[in-house]
Every structure is written in structure tokens, then in C-alpha cells.
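Letter by letter, the sequence shown follows residues 1 to 320 of the numbering used here.
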Amino acid sequence: MMALVRHAVRNDLAELAAGDKIMVACSGGADSVALAYAIVKEAPAKAISIAAITIDHGLQPGSEDRANLTAHWLAQIGYEQVSVVKVEVGRAGGLEAAARDARYAALESDATRSGALAIYLGHSMNDQAESVLLGLGRGSGPRSIAGMEKVTGRYHRPLLALRRDQLRAACAEVAAPIWDDPHNQDERFTRVKIRKLFPALESALGPGLVEALARTADLVREDLTALDELASAYANRSGAEVAELADLPTAIRRRALRSMALNAGVQAGALNYDHLTKMDALIVAWKGQGGVFLPGELTFTRKSGRLSFSSTRRVERGSR
1 MMALVRHAVR NDLAELAAGD KIMVACSGGA DSVALAYAIV KEAPAKAISI
51 AAITIDHGLQ PGSEDRANLT AHWLAQIGYE QVSVVKVEVG RAGGLEAAAR
101 DARYAALESD ATRSGALAIY LGHSMNDQAE SVLLGLGRGS GPRSIAGMEK
151 VTGRYHRPLL ALRRDQLRAA CAEVAAPIWD DPHNQDERFT RVKIRKLFPA
201 LESALGPGLV EALARTADLV REDLTALDEL ASAYANRSGA EVAELADLPT
251 AIRRRALRSM ALNAGVQAGA LNYDHLTKMD ALIVAWKGQG GVFLPGELTF
301 TRKSGRLSFS STRRVERGSR
């Protein structure tokens with residue numbers, strides 16, 4: 001089974017150049033342990049420099065000891081540069097989201113400090129399937145069920161085609177120690193609740209649900225890529241004439257609006273279905289309504305047949 005993991009890693013590393021440096025995020029769980037082991041075996045053939053990081057979220061007793069044990073194992077198998085980073089987890093947006101935000105901030109900071117071009121994450125096919133179900137629950141359109149891409153910016157996820165049980169088996173095959181985080185059984189976390197639904201869903205729908213959901217994400221991403229390309233003419237713009245957009249198919253028009261909003265400064269994760277529906281209404285259901293307030297203190301308005309963005313903060317200050 002480790003041969004499958006190494007093959008997936010080898011294919012990903014093939015895109016890098018000799019001398020490039022990468023950083024592997026390893027929690028001590030089976031997915032990231034399998035990834036770390038495969039990378040340390042495959043990287044030398046490509047002359048790729050490797051570093052590793054393990055993060056202590058400080059959310060449970062003994063977390064510091066756990067992080068140090070993981071770091072010790074990483075050093076034992078051949079990682080010369082291993083960072084143990086303790087993060088402060090706030091409560092904004094819920095514990096699950098706050099821990100994720102703190103973790104990614106630490107990954108970005110450490111990768112920049114160490115000069116790593118890419119950050120490798122151990123997300124599996126199961127993680128992909130869970131992401132699809134979470135996206136369905138949000139009801140934010142196809143983009144929310146497109147799941148994770150293998151490469152997003154500097155983040156690489158080479159194990160998305162492998163199931164969690166395969167990664168556990170790979171670890172057992174090479175006697176790699178794994179840690180089962182108690183939080184992975186804690187139903188305070190939405191993803192854990194979703195995970196525990198899978199046996200019942202497979203009982204009702206038949207086996208292969210994880211593969212089917214992951215495949216759905218792949219197909220949706222292909223369609224999104226095609227539609228995004230059709231709307232790409234608006235990617236570097238922060239305004240447009242209503243007449244330019246009015247006759248476009250809805251799917252393309254809303255992608256054009258999304259592209260313009262991102263270009264104006266709205267964060268992708270903050271822009272939702274409700275925002276886009278209201279923005280679209282300024283074009284297709286115009287009744288003289290006011291502007292649409294968007295995340296990032298921006299307002300999207302229609303005036304004299306033109307759509308544009310303005311700073312809500314600036315407007316508020318000027319009105320005092």
C-alpha cells in the first residue's frame with residue numbers, strides 16, 4: 001500500500017525542479033504520516049530539499065508532548081529541518097474554523113521563513129468526500145461542492161485519490177507510528193458529525209460513496225473551469241456596463257460578477273450565494289434598489305447603467 005502513496009507523491013514531485021524546497025505538514029495522524037514517509041523516500045531522487053512542520057494547537061492536555069514525539073519521528077526518518085510551532089487558537093467563527101485559521105497562518109509563516117516553495121498536506125479522498133457534503137449543506141452552488149484541488153497556490157495535496165483506510169494500511173506496512181487525535185471523534189466539530197454519517201449513508205446508498213463524492217467533485221471542477229474561462233474577460237475588472245452583462249447566460253454572468261468582486265478586494269471564501277444573487281438582481285431585476293453590501297467593507301452599486309464597487313467605510317465617514 002505504501003507503494004501507492006509513494007507513486008502519488010512521485011507524480012506530484014515530478015512537477016518540481018531539482019533544488020526546490022518543500023515543507024510537509026505532519027500532525028502525527030495516519031494521513032500526514034504516510035505523506036511524510038513517502039516524501040522522505042521520494043524527494044532525494046529529485047534532489048528536492050525537504051522540511052517538516054508539526055503544529056501544537058494547545059487544545060488538549062499533552063499536546064506539546066504529542067507534537068514533540070511527531071517531530072522526533074520526523075527527524076528519525078530523515079528530515080533535517082523540523083519545526084514545532086505552537087499556535088494560539090481563538091474562538092471567532094467557532095473552534096473548528098479558528099483552529100484551521102491558526103494552523104494555516106502558521107504554515108504560511110513557517111514556509112516563508114524557511115524558503116519553502118510548496119506546502120504538502122495529507123488530505124485524503126475521505127476528506128474530499130466530507131468537503132463535498134459540507135458544501136452541499138451550505139447550498140452555495142457548484143463551487144461549494146467542487147472540493148479541494150490537488151494544487152492550490154503553494155498547497156499540494158497529492159493523496160486525494162487515496163482513501164483513509166489505504167493510508168492507515170500504508171503506515172502499518174512500514175511500521176510508522178500514528179496518533180489518533182481524540183478531536184477526530186469529538187462531535188462538537190461539524191466535520192466529525194459528517195464523518196460519522198458515512199456508514200449509514202453507505203448502508204442506504206450502497207458501497208463506494210466516498211469514491212462517488214470525490215469523483216463528483218472532480219467533474220464539478222472541470223465544469224467550473226470551463227465556465228470560469230468563459231467569464232475570464234471580466235477577471236481583471238472591478239466594474240462593467242449593465243448592457244455588457246445583461247444578455248449573458250446566468251451561470252457566466254454570475255461568474256463575471258464573482259470575478260469582479262474578487263478583483264475589487266472581496267475575499268473568495270467570504271462571498272456567498274446570497275451576495276451574488278443580490279448583485280445579479282441589479283442587472284436582471286432592476287427596480288432602482290440600493291447597493292449590495294459585501295464583505296471587506298465594499299458596496300456594489302448600479303448608477304446610470306454602470307456597475308461599480310465603492311468603499312463602504314469611505315461612504316460612512318463622508319456621511320457624518
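Cβ coordinates follow ideal geometry from the N, Cα and C atoms, glycine included. Predicted, not measured: the structure shown is a model, and the values here were computed from it.
First and last residue of the uninterrupted alpha helix (DSSP H) at residue i
{"i": "E241", "result": "That residue, E241, is in no alpha helix (DSSP H); its beta strand (DSSP E) goes 239-241."}
{"i": "R254", "result": "250-264"}
{"i": "K196", "result": "190-205"}
{"i": "L307", "result": "Not the alpha helix (DSSP H): L307 falls in the beta strand (DSSP E), residues 306-311."}
{"i": "Q302", "result": "It should be noted that the sequence gives Arg, not Gln, for residue 302. No alpha helix (DSSP H) contains R302, which is instead part of the beta strand (DSSP E) from 298-303."}
{"i": "R164", "result": "164-173"}
{"i": "V33", "result": "30-42"}
{"i": "L13", "result": "2-13"}
{"i": "D280", "result": "273-284"}
{"i": "D127", "result": "125-138"}
Straight-line gap, residue i to residue j (C-alpha atoms, nearest Å)
{"i": "L282", "j": "D223", "result": "26 Å"}
{"i": "A14", "j": "I48", "result": "10 Å"}
{"i": "L16", "j": "A45", "result": "12 Å"}
{"i": "A212", "j": "G206", "result": "11 Å"}
{"i": "I77", "j": "Y37", "result": "7 Å"}
{"i": "A116", "j": "L107", "result": "10 Å"}
{"i": "T301", "j": "I50", "result": "49 Å"}
{"i": "A105", "j": "S304", "result": "43 Å"}
{"i": "A52", "j": "D165", "result": "23 Å"}
{"i": "V292", "j": "D280", "result": "10 Å"}
{"i": "F309", "j": "E297", "result": "10 Å"}
{"i": "G19", "j": "A97", "result": "35 Å"}
{"i": "M125", "j": "A243", "result": "43 Å"}
{"i": "G135", "j": "N272", "result": "12 Å"}
{"i": "D180", "j": "S27", "result": "10 Å"}
Check: residue i C-beta below 6 Å from any heavy atom of the ligand PLP
{"i": "Q267", "result": "As presented, the structure is devoid of all ligands, the ligand PLP included, so that no description of it is given."}
Start-to-end residues for the beta strand (DSSP E) that takes in residue i
{"i": "M23", "result": "21-25"}
{"i": "V292", "result": "292-294"}
Per DSSP, the bridge partner or partners of residue i
{"i": "S232", "result": "Answer is none; S232 lacks a bridge partner."}
{"i": "Q81", "result": "A51"}
{"i": "A118", "result": "I22"}
{"i": "V151", "result": "H156"}
{"i": "A86", "result": "Note on identity: in this sequence residue 86 is Lys, with Ala being the wrong assignment. Bridge partners of K86: D56."}
Buried or exposed (CB count within 10 angstroms, at least 16 for buried), residue i
{"i": "K188", "result": "In the sequence on display, residue 188 carries Arg and not Lys. It counts as exposed."}
{"i": "T321", "result": "No information on residue 321 is available, as it lies outside the stretch 1 to 320 that the chain covers here."}
{"i": "R258", "result": "buried"}
{"i": "V315", "result": "For V315, the pLDDT reaches just 43, beneath the cut-off of 50, and the residue's location in the model is therefore unreliable, although a value from the coordinates is still provided. Exposed: under 16 other Cβ atoms inside 10 Å."}
{"i": "S203", "result": "exposed"}
{"i": "W286", "result": "exposed"}
{"i": "H57", "result": "buried"}
{"i": "L307", "result": "buried"}
{"i": "H275", "result": "buried"}
{"i": "H156", "result": "buried"}
{"i": "V151", "result": "exposed"}
{"i": "E42", "result": "buried"}
{"i": "P61", "result": "exposed"}
Contacts around residue i, its chain only, beta-carbon distance under 6 Å, and the 5 residues preceding and following it disregarded
{"i": "R103", "result": "I55"}
{"i": "M2", "result": "A170, E173, V174"}
{"i": "A217", "result": "Q128, V132, A146, G147"}
{"i": "R320", "result": "Bear in mind that the predicted position of R320 carries a pLDDT of just 37, short of 50, making it unreliable; the figure below should be weighed with that in mind. There are no such residues."}
{"i": "V220", "result": "P142, I145, A146"}
{"i": "A30", "result": "L167, R168, C171, I178"}
Cβ shell of residue i (< 8 Å), same chain only, five flanking positions each side left out
{"i": "G93", "result": "D101"}
{"i": "S201", "result": "Contrary to the premise, residue 201 reads as Leu rather than Ser in this sequence. The answer, listed in chain order, is L209."}
{"i": "L227", "result": "A251, I252, R255"}
Cβ-based neighbour list, residue i, same chain, cut-off 7 Å, excluding 5 preceding and 5 following
{"i": "R317", "result": "Reliability of the predicted coordinates at R317 is poor, the pLDDT of 42 falling under 50, and no value is obtained from them."}
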